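Working notes, beginning with the structure itself.
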Amino acid sequence: MSEAAKPSLATFPAKAFAAQDSAAHLGPHTIARRAPRPQDVQIEILYCGVCHSDLHQVRNEWKEVMPTVYPCVPGHEIVGRVVKVGSNVKKVKEGDFAAVGCMVDSCRVCASCKAGEEQYCENMMTLTYNGEDKILGGVTYGGYSDGIVVDESYVLRVSDKLDLAGTAPLLCAGITTYSPLRHWKVAKGQKVGIVGLGGLGHMGLKFAHAFGAHTVLFTTSANKVADAKRLGADEVVISKNADEMQKHAGSFNFILDAVSAAHDVNGYLNLLRRDGTLCLGGAPEKPFPVSSFSFIMGRRSLSGSAIGGIRETQEMLDFCAEHNITSDIELIKIQQINEAYERLLKQDVKYRFVIDMASLKQ
Ligand code: NAP
Ligand code: ZN
Ligand code: ZN
Numbered sequence: 181m182s183e184a185a186k187p188s189l190a191t192f193p194a195k196a197f198a199a200q201d202s203a204a205h206l207g208p209h210t211i212a213r214r215a216p217r218p219q220d221v222q223i224e225i226l227y228c229g230v231c232h233s234d235l236h237q238v239r240n241e242w243k244e245v246m247p248t249v250y251p252c253v254p255g256h257e258i259v260g261r262v263v264k265v266g267s268n269v270k271k272v273k274e275g276d277f278a279a280v281g282c283m284v285d286s287c288r289v290c291a292s293c294k295a296g297e298e299q300y301c302e303n304m305m306t307l308t309y310n311g312e313d314k315i316l317g318g319v320t321y322g323g324y325s326d327g328i329v330v331d332e333s334y335v336l337r338v339s340d341k342l343d344l345a346g347t348a349p350l351l352c353a354g355i356t357t358y359s360p361l362r363h364w365k366v367a368k369g370q371k372v373g374i375v376g377l378g379g380l381g382h383m384g385l386k387f388a389h390a391f392g393a394h395t396v397l398f399t400t401s402a403n404k405v406a407d408a409k410r411l412g413a414d415e416v417v418i419s420k421n422a423d424e425m426q427k428h429a430g431s432f433n434f435i436l437d438a439v440s441a442a443h444d445v446n447g448y449l450n451l452l453r454r455d456g457t458l459c460l461g462g463a464p465e466k467p468f469p470v471s472s473f474s475f476i477m478g479r480r481s482l483s484g485s486a487i488g489g490i491r492e493t494q495e496m497l498d499f500c501a502e503h504n505i506t507s508d509i510e511l512i513k514i515q516q517i518n519e520a521y522e523r524l525l526k527q528d529v530k531y532r533f534v535i536d537m538a539s540l541k542q
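Residue numbers 181 to 542, in this note's numbering, belong to the letters of the sequence shown in order.
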C-alpha cells in the first residue's frame, strides 16, 4: 500500500466519523477528498446505511484477509446529491441523486472486469473504504462522511421515485442478495431459504418473494416471525428447533445464508435437495467445519457470493424502482453510531440502520 498522499493532487477537507483503533468508539474526524478529475463525480452524502461489515472492519475481525488501516471511516451504502462533475462525466449531472456501493474502482482490464463482474477483479477492486487509494495514496474512506468523489464508472443512478434513505441499503444489502438469487436463477416453482433476518436477510426475503419463489426464512429470533411474513416469507422456521428443521430436510433448491456470526452450516446443507446449493453471503470472523457427507449425499454444493458488479447493481436499483422495493430502516444520527453497533451485535435492528448525514453538521 502506498504510504503518503501524493502532494501534487488538489484535495479538500471533508467531515467524517472514524475509528482510531479496533477497540475505539467512532468519533469526529476530518479527511481529505480529491478535487474531482474530468471523469469524477462529487457527491454530497445524504444517507449512509450501516452494514455489519462496517462493524467487522472497524473491530479488525477480518485481520487475516483484509486488515484494517486506522483511522477507518466505514460506510458503503451511500446515496446523495451530485454537487460537481468533471468535464467528461456523462452518467449524471449536478443536482441528480446518485449512489455509491462497496467499490470505487477496479483494474477494468482483467476477465472479471471485462465481464462486468468487477467485484471479482483479479487485481482486487478498490473498496470504498479500507481499500488502497490508488489516486491520493493511503487508504480509501467511506460514507460516514459529508462528501465523496468517485469515478463516474462506479457511480449508480438513483430513481427519484424511491425513498432515498430506504434506498441506501440497496447498495450493499440489496445487491449482495439480488446477485446470488439471479445467478442461481431463483424463480417461481422453486423452494428457497434465507438464513438470518438482518440487513441482508430482509432484502433477500423481498427479492426471493418478488422473483416468485416459495420463500422460507430461518431465524434464531422468535420475535421476528410476524415481520418475516410481512416482508415476504411463505414460511418461517426457528432454526434452533431441530424438529422444525427436520421437516424441511432434502427440499430446497437454494439457500442463501446471511448470518454474521459462527453457526452450523451442515444443518442447512442437509435441507438441500439433490444438486441444491447453499450460498454464503455472511462473512463471520472465524472458519467453520463442514462434513463431507453433507455434500456427497445429494451432490450438493457450498458456494459464496460477493456484492455484485456495477451493471447488475444498476439493474437491481432499476428493478427496485419498478417494483417499489426499498429497505426497512431505522434512521439514526451519526452520534448514535456506537450504540447502533452494539444493537447490531444483539440482533436488534429492524432491519437496517441508516445514518442521516445532516447530523454530521451538528
Ligand atoms: P445483520 O444485520 O447484523 O444481520 C445478521 C443476522 O444474522 C442477524 O439479524 C441474525 O438473524 C443472524 N445472526 C446473528 N448472530 C447469529 C448467531 N450467532 N447465530 C445465528 N444467527 C445469527 O448483518 P448484515 O449487515 O445483514 O450482514 C450479514 C453478514 O454478511 C455479515 O457477516 C456481513 O459482513 C456480511 N456481508 C457480506 C457481503 C458479501 O459481499 N458477501 C456483503 C455485505 C455483508 P436472526 O435474528 O434472524 O437469527
Ligand atoms: Zn456491506
Ligand atoms: Zn479487474
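Just so you know, even glycine gets a beta-carbon here, dropped at the ideal spot from N, CA and C.
If you're wondering where the values come from, they're calculated on a predicted model, not measured in any experiment.
Taking just the CA atoms, how far does K530 sit from G229? Our two residues, G229 and K530, have alpha carbons roughly 13 Å apart in a direct line.
Could you give the DSSP three-state label for A203: helix, strand or coil? coil
Local conformation of Q527 per DSSP, three classes: Looking at Q527 - three-state DSSP - the assignment turns out to be coil, as it is neither helix nor strand.
Check: S359 C-beta below 8 Å from any heavy atom of ligand 2: no
For H232, is the beta carbon positioned less than 8 Å from some heavy atom of ligand 1? Yes, the Cβ of H232 comes within 8 Å of a heavy atom of ligand 1.
Taking the alpha carbon of A279 as the point to measure from, which residue in A194, F533, E298 and G255 has its own alpha carbon closest? With distances taken between Cα atoms, A279 lies closest to G255.
Do H394 and ligand 2 come close, with the Cβ less than 8 Å from some heavy atom? no
Give the single residue among L336, A402 and I225 whose Cα lies nearest to the Cα of N421. A402
Quick one: Cα of G354 to Cα of E522, how far? 23 Å
Any heavy atom of ligand 3 inside 8 Å of the beta-carbon of N421? no
Could you work out which residue in P208, I225, D528 and V221 is closest to A538 when comparing CA atoms only? Among P208, I225, D528 and V221, the Cα nearest to that of A538 is on I225.
Who's in the neighbourhood of ligand 3, going by beta-carbon under 7 Å from any heavy atom, listed in chain order? With the cut-off at 7 Å, the residues found are S286, C287, R288, V289, C290, S292, C293, E298, C301, E302 and N303.
Give the straight-line distance between the Cα atoms of H443 and T347, rounded to the nearest whole angstrom. 30 Å
Do Q222 and V284 count as a contact pair if the criterion is CB distance below 9 Å? no
DSSP three-state call for L377: helix, strand or coil? coil
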